[in-house]
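Going by full-length UniProt numbering, 133 is the number at position 133 of the sequence shown; the sequence numbering is gapless.
The beta carbon of each residue, even a glycine, is placed where N, CA and C say it ideally should be.
Since the structure comes first, as C-alpha coordinates, the remarks are kept for the end.
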Amino acid sequence: MYTRYVNCVYLLYAGQWYEIQRYPLISELGSTCAQAMYVAQSDGSVRLENRGRRPDGSLDSITGSAYAEDPEHPAALTLVFDEGFKGDYNVIRTDYNSSALVYSCGSVFGVRIEYAWFLSREPTMDQAVQDEYTRILADAGSDTSQLSVTPQDCGSLF
1 MYTRYVNCVY LLYAGQWYEI QRYPLISELG STCAQAMYVA QSDGSVRLEN
51 RGRRPDGSLD SITGSAYAED PEHPAALTLV FDEGFKGDYN VIRTDYNSSA
101 LVYSCGSVFG VRIEYAWFLS REPTMDQAVQ DEYTRILADA GSDTSQLSVT
151 PQDCGSLF
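In C-alpha coordinates, the structure reads:
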(Lines of atoms letter the chains of each structure in order from A and count residues from 1; the text may use other names and numbers.)
(Lines give C-alpha, C1' and ligand atoms only; values in the text may rest on other atoms or scores of the structure.)
Protein backbone atom coordinates (compact mmCIF):
# COMPACT_ATOMS: atom_id res chain seq x y z
CA MET A 1 0.00 0.00 0.00
CA TYR A 2 1.23 3.46 -0.87
CA THR A 3 1.22 6.39 1.47
CA ARG A 4 -0.06 9.47 -0.31
CA TYR A 5 1.52 12.83 0.15
CA VAL A 6 -0.53 14.38 2.95
CA ASN A 7 -0.74 18.06 2.02
CA CYS A 8 -0.92 18.46 -1.73
CA VAL A 9 -1.17 22.20 -2.40
CA TYR A 10 -2.41 22.66 -5.95
CA LEU A 11 -1.07 26.19 -6.32
CA LEU A 12 2.42 24.86 -5.63
CA TYR A 13 1.93 21.74 -7.78
CA ALA A 14 0.68 23.81 -10.73
CA GLY A 15 2.94 24.47 -13.69
CA GLN A 16 4.88 22.39 -16.16
CA TRP A 17 6.18 18.88 -15.46
CA TYR A 18 8.32 16.60 -17.65
CA GLU A 19 7.71 12.85 -17.56
CA ILE A 20 11.03 11.13 -16.78
CA GLN A 21 9.89 7.52 -16.28
CA ARG A 22 6.56 5.71 -16.44
CA TYR A 23 4.89 2.36 -16.52
CA PRO A 24 3.83 1.47 -20.08
CA LEU A 25 0.61 3.02 -21.35
CA ILE A 26 -1.00 1.85 -24.56
CA SER A 27 -1.85 5.46 -25.42
CA GLU A 28 1.82 6.46 -25.09
CA LEU A 29 3.53 3.53 -26.87
CA GLY A 30 6.44 4.89 -28.88
CA SER A 31 5.79 8.46 -27.78
CA THR A 32 8.49 10.78 -26.49
CA CYS A 33 8.71 14.09 -24.68
CA ALA A 34 5.58 13.55 -22.56
CA GLN A 35 4.91 16.71 -20.58
CA ALA A 36 2.05 18.05 -18.49
CA MET A 37 0.78 21.48 -17.56
CA TYR A 38 -1.36 21.88 -14.44
CA VAL A 39 -3.35 25.03 -13.65
CA ALA A 40 -5.08 25.45 -10.27
CA GLN A 41 -8.70 26.58 -10.64
CA SER A 42 -10.69 28.83 -8.30
CA ASP A 43 -13.13 25.99 -7.52
CA GLY A 44 -10.31 23.90 -6.03
CA SER A 45 -9.85 21.66 -9.04
CA VAL A 46 -6.84 21.46 -11.33
CA ARG A 47 -7.03 21.87 -15.11
CA LEU A 48 -4.46 19.82 -17.00
CA GLU A 49 -3.09 19.26 -20.45
CA ASN A 50 -0.76 16.41 -21.38
CA ARG A 51 1.34 16.68 -24.53
CA GLY A 52 3.84 14.43 -26.22
CA ARG A 53 5.36 13.51 -29.57
CA ARG A 54 3.97 10.53 -31.47
CA PRO A 55 6.41 8.21 -33.27
CA ASP A 56 5.70 10.10 -36.53
CA GLY A 57 6.73 13.38 -34.85
CA SER A 58 3.24 14.87 -34.63
CA LEU A 59 2.00 16.44 -31.40
CA ASP A 60 -0.40 14.46 -29.22
CA SER A 61 -2.49 16.32 -26.65
CA ILE A 62 -5.22 15.48 -24.14
CA THR A 63 -6.95 17.78 -21.65
CA GLY A 64 -8.94 17.23 -18.50
CA SER A 65 -9.37 18.16 -14.88
CA ALA A 66 -8.59 16.68 -11.50
CA TYR A 67 -10.21 17.18 -8.12
CA ALA A 68 -10.11 15.73 -4.64
CA GLU A 69 -13.37 13.95 -3.87
CA ASP A 70 -12.40 13.93 -0.19
CA PRO A 71 -10.95 17.21 1.14
CA GLU A 72 -9.28 15.21 3.92
CA HIS A 73 -7.10 13.55 1.24
CA PRO A 74 -6.05 16.33 -1.16
CA ALA A 75 -3.33 14.20 -2.77
CA ALA A 76 -5.88 11.57 -3.86
CA LEU A 77 -7.34 13.08 -6.99
CA THR A 78 -9.96 11.91 -9.44
CA LEU A 79 -8.79 12.62 -12.96
CA VAL A 80 -11.35 13.15 -15.72
CA PHE A 81 -10.16 13.66 -19.29
CA ASP A 82 -12.41 15.61 -21.65
CA GLU A 83 -12.68 12.48 -23.83
CA GLY A 84 -14.45 10.71 -20.96
CA PHE A 85 -11.68 8.58 -19.41
CA LYS A 86 -11.73 8.71 -15.62
CA GLY A 87 -9.10 7.45 -13.19
CA ASP A 88 -7.29 8.14 -9.97
CA TYR A 89 -4.18 10.28 -9.59
CA ASN A 90 -2.31 9.83 -6.32
CA VAL A 91 0.57 12.13 -5.50
CA ILE A 92 2.87 9.83 -3.52
CA ARG A 93 5.79 12.21 -3.13
CA THR A 94 6.60 15.77 -4.22
CA ASP A 95 8.75 18.69 -3.22
CA TYR A 96 6.80 20.95 -5.65
CA ASN A 97 10.02 22.56 -6.93
CA SER A 98 11.77 19.71 -8.70
CA SER A 99 10.07 16.30 -8.65
CA ALA A 100 6.94 14.26 -8.02
CA LEU A 101 5.96 10.60 -7.94
CA VAL A 102 2.40 9.85 -9.07
CA TYR A 103 0.66 6.48 -8.91
CA SER A 104 -2.63 5.12 -10.19
CA CYS A 105 -4.14 1.71 -10.60
CA GLY A 106 -7.26 0.37 -12.17
CA SER A 107 -8.85 -2.68 -13.67
CA VAL A 108 -9.37 -3.46 -17.34
CA PHE A 109 -11.52 -6.53 -18.00
CA GLY A 110 -10.74 -7.73 -14.48
CA VAL A 111 -6.98 -7.35 -14.86
CA ARG A 112 -5.24 -5.01 -12.41
CA ILE A 113 -3.15 -2.37 -14.18
CA GLU A 114 -0.70 -0.04 -12.46
CA TYR A 115 0.46 3.35 -13.68
CA ALA A 116 3.30 5.40 -12.25
CA TRP A 117 5.01 8.57 -13.37
CA PHE A 118 8.26 10.19 -12.26
CA LEU A 119 7.77 13.89 -12.96
CA SER A 120 10.36 16.65 -12.99
CA ARG A 121 10.25 20.41 -13.44
CA GLU A 122 13.23 19.99 -15.80
CA PRO A 123 13.78 17.54 -18.70
CA THR A 124 16.11 15.53 -16.44
CA MET A 125 15.94 14.14 -12.91
CA ASP A 126 18.72 13.38 -10.48
CA GLN A 127 19.43 9.64 -10.47
CA ALA A 128 19.22 9.52 -6.66
CA VAL A 129 15.61 10.77 -6.84
CA GLN A 130 14.77 8.20 -9.52
CA ASP A 131 16.29 5.48 -7.34
CA GLU A 132 14.23 6.68 -4.34
CA TYR A 133 11.00 6.65 -6.37
CA THR A 134 11.81 3.18 -7.72
CA ARG A 135 12.40 1.96 -4.15
CA ILE A 136 9.07 3.44 -2.97
CA LEU A 137 7.23 1.56 -5.72
CA ALA A 138 9.15 -1.68 -5.10
CA ASP A 139 8.58 -1.51 -1.34
CA ALA A 140 4.85 -1.30 -2.04
CA GLY A 141 5.02 -4.46 -4.14
CA SER A 142 4.97 -2.86 -7.57
CA ASP A 143 6.90 -4.48 -10.45
CA THR A 144 9.46 -1.77 -11.18
CA SER A 145 10.99 -3.79 -14.03
CA GLN A 146 8.16 -2.34 -16.11
CA LEU A 147 9.42 1.25 -15.71
CA SER A 148 10.60 2.85 -18.93
CA VAL A 149 12.51 6.08 -19.52
CA THR A 150 10.69 8.82 -21.43
CA PRO A 151 13.06 10.61 -23.84
CA GLN A 152 12.95 14.38 -23.31
CA ASP A 153 14.88 15.68 -26.31
CA CYS A 154 12.16 17.91 -27.81
CA GLY A 155 12.39 20.98 -25.59
CA SER A 156 9.25 22.39 -24.03
CA LEU A 157 5.98 21.52 -25.76
CA PHE A 158 4.16 24.35 -23.96
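From the DSSP output, in three-state form, read off residue i for me.
i, result
"Ser45", "coil"
"Thr32", "strand"
"Thr124", "coil"
"Ala40", "strand"
"Met1", "Low per-residue confidence applies at Met1: pLDDT is 46, beneath 50, and the placement is therefore not dependable, though the value from the model is reported in the following sentence. In the structure shown, Met1 sits in coil (DSSP, three-state: anything other than H, G, I, E or B)."
"Ala138", "helix"
"Glu72", "coil"
What first and last residue would you give for the beta strand (DSSP E) that runs through residue i?
i, result
"Gln146", "No beta strand (DSSP E) contains Gln146, which DSSP labels as neither H nor E."
"Arg22", "Gly15 to Arg22"
"Phe81", "Ala76 to Phe81"
"Leu101", "Ser99 to Val108"
Identify, in the order they occur along the chain, each residue of the same chain with its Cβ nearer than 6 Å to the Cβ of residue i, setting aside the five sequence neighbours on each side.
i, result
"Gln16", "Met37 and Phe158"
Apart from the five residues on each side of it in sequence, which residues of its chain come closer than 7 Å, Cβ to Cβ, to residue i?
i, result
"Glu122", "Tyr18"
"Glu114", "Tyr23, Cys105 and Ser142"
"Pro151", "Thr32 and Cys33"
"Ala40", "Tyr10, Leu11, Ala14 and Val46"
"Leu137", "Ala116 and Thr144"
Between residue i and residue j, how many whole angstroms is the CB-CB distance? I'm expecting something under 8 Å.
i, j, result
"Ala68", "Ala76", "6 Å"
"residue 161", "Val91", "Absent from the structure is residue 161, since the part of the chain shown begins at 1 and ends at 158."
With a threshold of 8 Å on Cβ separation, who are the neighbours of residue i within its own chain once the five nearest residues in sequence on each side are excluded?
i, result
"Asn97", "Arg121"
"Arg54", "Gly30, Ser31 and Asp60"
"Gln130", "Ile20, Gln21 and Phe118"
"Leu48", "Ala36, Met37, Tyr38, Val39, Thr63, Gly64, Ser65, Ala66 and Leu79"
"Arg112", "Cys105 and Gly106"
"Ser148", "Gln21, Arg22, Tyr23 and Pro24"
"Cys154", "Thr32, Cys33 and Arg53"
At what residues does the alpha helix (DSSP H) containing residue i begin and finish?
i, result
"Asp88", "Unbroken run through Asp88 is the beta strand (DSSP E), Lys86 to Thr94; no alpha helix (DSSP H)."
Just list the residues that DSSP pairs residue i with in beta bridges.
i, result
"Thr63", "Glu49"
"residue 203", "One cannot answer for residue 203 here, as it falls past the ends of the chain, which runs 1 to 158."
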